[in-house]
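In UniProt numbering, the protein residues as written are 1 to 336. All C-beta atoms in this analysis are idealised placements derived from N, C-alpha and C, irrespective of residue type, glycine included. The structure appears right after this line, and notes come after that.
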Amino acid sequence: MPGPSLGSLAVIGGGVIGLSVAMRAARAGWTVRVHRTGDHGASWVAGGMLAPHSEGWPGEDRQLRLGLRSLELWHEFLGQLPAAVVTARESLVVAADRADVADLRTVADWLSGQGHPVIWESAAREVEPLLAAGIRHGFRAPTELAVDNRAVLCALVTACEELGVAWAGPVHELAAVAADAVVLANGMDAPALWPGLPIRPVKGEVLRLRWRKGCLPVPQRVIRARVHGRAVYLVPRPDGVVVGATQYEHGRDTTPVVSGVRDLLDDACTVVPALGEYELAECSAGLRPMTPDNLPLVHRLDERTYVAAGHGRNGFLLAPWTAEQVVSELLPVGVQ
Ligand SMILES: Cc1cc2nc3c(=O)[nH]c(=O)nc-3n(C[C@H](O)[C@H](O)[C@H](O)COP(=O)(O)OP(=O)(O)OC[C@H]3O[C@@H](n4cnc5c(N)ncnc54)[C@H](O)[C@@H]3O)c2cc1C
1 MPGPSLGSLA VIGGGVIGLS VAMRAARAGW TVRVHRTGDH GASWVAGGML APHSEGWPGE
61 DRQLRLGLRS LELWHEFLGQ LPAAVVTARE SLVVAADRAD VADLRTVADW LSGQGHPVIW
121 ESAAREVEPL LAAGIRHGFR APTELAVDNR AVLCALVTAC EELGVAWAGP VHELAAVAAD
181 AVVLANGMDA PALWPGLPIR PVKGEVLRLR WRKGCLPVPQ RVIRARVHGR AVYLVPRPDG
241 VVVGATQYEH GRDTTPVVSG VRDLLDDACT VVPALGEYEL AECSAGLRPM TPDNLPLVHR
301 LDERTYVAAG HGRNGFLLAP WTAEQVVSEL LPVGVQ
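In structure tokens, the structure reads:
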């Protein structure tokens, strides 16, 4: 028998952050309601890499620490989701030309200098035979994971329903939300409800390529690459790969444009030529909710309001940590 409720909690936003917070809070004993729109948000578009090492860059030590902490928590989090949401258990990061090799070497040296488990490779095709001839150098990050973002969202909705989480429509005004505590988890749109939150949209195009009969097999690990200074990644799915992602500021535009799609296809096929035979199943674009220091905003705003937004490029990676952090700060009714 569940104990008495700790109080009522309204979570605004039904993306990976809102759903993770809702699931964690319902487990902790809150009576939870998620307010959501019909719009899928950034979470539906994402690649699903849980990749603190290969996302790392010298100087971004806090982001790295946070990512590693959340990756640890993912192992427990996965216990609450179907095993099939995991689509890869390693990343291989490779370079196309000499300047790209030098960039990767900088990152690998910074990581291994701090004792992180990354392994430099000078015969990358022996690790991943699908790589193009001529791609030799890079590093492996053997503790990274990738998940199917859409399968995770569906599993979180199911888990929330099993825990008795209720659903409601979008919120237009915070004052109208009846609840003991409120979590703003509406990503890009958090500043519309709490003006001044420093979150800006950074657009990213993403492609979904589907395996076809006769094609070479889908890669078993995440392949990330620097191709003449541009970054591209290939994230396995049961039926193909997700290719991402461009990164530029263009307001709230979520239309995939030709030049972005062309660059992704060029770079993906430069790295794994066999992808040229796959079906181009989907082109989409989403908005990363970025903050000035690339760290998420996860803290209390006033007596009953909390923010959990601004997760930028790493909302999936940081979801379990965010949920833990928010729920640990929520004050049960009577303690406020
Ligand atoms: C191209 C691309 C690739 C990415 N790849 C990765 C990756 O590989 N790994 C990773 O960790 N992260 C990745 N990300 C980042 C990740 O997708 C985001 O950080 C994450 O989805 C943010 O989640 P969220 O729940 O805060 O926001 P969202 O997913 O945007 O969800 C917010 C939801 O709130 C809803 N909403 C807005 N206003 C209201 C309101 N007033 N009332 C109710 N609901 C409201 C929105 O409609 C939306 O559904 C990627 C992002 C992009 C764009």
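Under three-state DSSP, which class holds residue i?
i           : result
residue 205 : strand
residue 242 : strand
residue 231 : strand
residue 331 : coil
residue 236 : strand
residue 68  : helix
Using a Cβ-based criterion (distance less than 6 Å to any ligand heavy atom), does residue i qualify as near ligand 1?
i           : result
residue 32  : no
residue 23  : no
residue 9   : no
residue 77  : no
residue 317 : yes
residue 186 : yes
residue 91  : no
residue 314 : yes
residue 189 : yes
residue 299 : no
residue 290 : no
residue 250 : no
residue 17  : yes
residue 37  : yes
residue 41  : yes
residue 166 : no
residue 12  : yes
residue 56  : no
residue 273 : no
residue 115 : no
residue 137 : no
residue 47  : yes
residue 204 : yes
residue 171 : yes
residue 311 : yes
Could you name the residues that DSSP lists as bridge partners for residue i?
i           : result
residue 12  : 35 and 184
residue 340 : Outside the shown range of the chain (1 to 336) lies residue 340, about which nothing can therefore be said.
residue 62  : None, per the DSSP bridge assignment.
residue 49  : 146
residue 210 : 240 and 279
residue 17  : DSSP output for residue 17 lists no bridge partner at all.
With residue i as the anchor, note down where its beta strand (DSSP E) starts and where it stops.
i          : result
residue 93 : 91-95
Which stretch, first to last residue, makes up the alpha helix (DSSP H) that contains residue i?
i           : result
residue 88  : Segment 86-88 is the beta strand (DSSP E) holding residue 88; no alpha helix (DSSP H) there.
residue 43  : 41-45
residue 110 : 98-113
Which parts of the stretch 243-318 are runs of the beta strand (DSSP E), unbroken and 3 residues or longer, counting only runs that do not cross its ends?
279-290, 297-300 and 305-309
Enumerate, from N- to C-terminal direction, the unbroken alpha helix (DSSP H) stretches of 4 or more residues contained entirely within the stretch 121-203.
124-127, 149-162 and 190-193
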